[in-house]
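For the sequence shown, full-length UniProt numbering assigns the number 1 to the initial residue and increments by one for each residue that follows. Think of the CB as a built atom: it goes at the ideal place given N, C-alpha and C, for glycine as much as any other residue. Below: one structure, written as structure tokens.
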Amino acid sequence: MEASKAEKHEAQQRQEIALQVLEQAENNASAESFTNAQLRHLLCWKMGSKTIPGALKNKPEKVAKWKQLKNKEPPSFEPWSEADEEELIQLKEKIDGDIALGDTSYGRQRANEVNKARSLLRGLSKADKEAFLKSMDEDNGDDDGDDDASSDSE
């Protein structure tokens with residue numbers, strides 16, 4: 001949500017700067033009359049990006065691209081709202097303490113892998129299960145055969 005906030009603020013800032021550039025320019029100002037910096041702001045706004053493509057290195061290329069894009073609508077965005085801010089605050093308060101592993105992407109992935117392993121083990125014969133558990137005990141350095149020590153609670 002923090003990333004969304006930053007993206008929305010950046011999009012809003014790009015729009016404000018571009019509109020200022022257009023406002024300061026004469027209504028029918030030719031694309032050639034804009035400075036490189038102004039063209040960069042206008043192109044970033046119309047393209048919805050932080051930077052312009054590397055292919056637009058010089059002013060004539062930027063002017064040509066501006067002529068191509070000037071009558072097109074810029075990408076739309078929802079401005080960051082008070083409701084968004086309130087939701088972010090609530091999320092921060094919720095996770096302000098310890099975050100349980102199960103509430104993370106990694107935790108959910110790990111639980112999924114454990115469930116897959118359990119399903120696989122259910123299909124094994126008793127002899128195969130015993131051989132598997134023995135190899136796990138050896139891998140963990142547990143030679144006393146105590147299966148309780150190797151069990152993992154989630």
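Discussion item. Quick test of the definition: if touching needs 3 or more C-beta pairs under 8 Å, does the stretch 110 to 130 touch the stretch 84 to 96?
Written reply: Taking 8 Å as the limit for Cβ pairs, the verdict is that the stretch 84 to 96 does not touch the stretch 110 to 130.
Worksheet item: Among Pro60, Leu39, Trp80 and Glu2, which has the Cα closest to the Cα of Gln20?
Response: Leu39
Discussion item. Let's test the definition: count the other Cβ atoms within 10 Å of the Cβ of Lys62 and tell me whether it reaches 16, buried, or not, exposed.
Written reply: buried
Worksheet item: Taking the alpha-carbon positions, what's the Gly145 to Lys94 distance?
Response: Here Gly145 scores only 48 on pLDDT, less than 50, and its place in the model should not be relied on; the value that follows carries that caveat. Those two C-alpha atoms are separated by around 43 Å.
Worksheet item: Out of curiosity, what's the CA-to-CA distance linking Cys44 and Glu23?
Response: 17 Å
Discussion item. Taking a contact to mean a Cβ-Cβ separation below 8 Å, would you say Lys5 touches Trp66 in this structure?
Written reply: no
Worksheet entry | Distance between beta carbons of Lys8 and Glu78, contact taken as under 8 Å | 7 Å
Fill in: Sequence-distant residues of the same chain with beta carbon closer than 6 Å to Asp147, five excluded per side
In this prediction, Asp147 scores a pLDDT of 49, lower than 50, which makes its location untrustworthy; the coordinate-derived value is nonetheless stated afterwards. Once the five neighbours on either side are set aside, Asp147 has no close Cβ partner at all.
Worksheet item: Can you round the beta-carbon distance between His41 and Ala18 to whole angstroms, since I take them to be within the 8 Å contact cut?
Response: 5 Å
Discussion item. Taking the straight line between their C-alpha atoms, what separation do you get for Gln13 and Asp137?
Written reply: 59 Å
Item to complete: Would you kindly work out how many angstroms separate the C-alpha atoms of Thr35 and Arg108, rounded to a whole number?
Response: Cα to Cα, Thr35 sits roughly 51 Å from Arg108.
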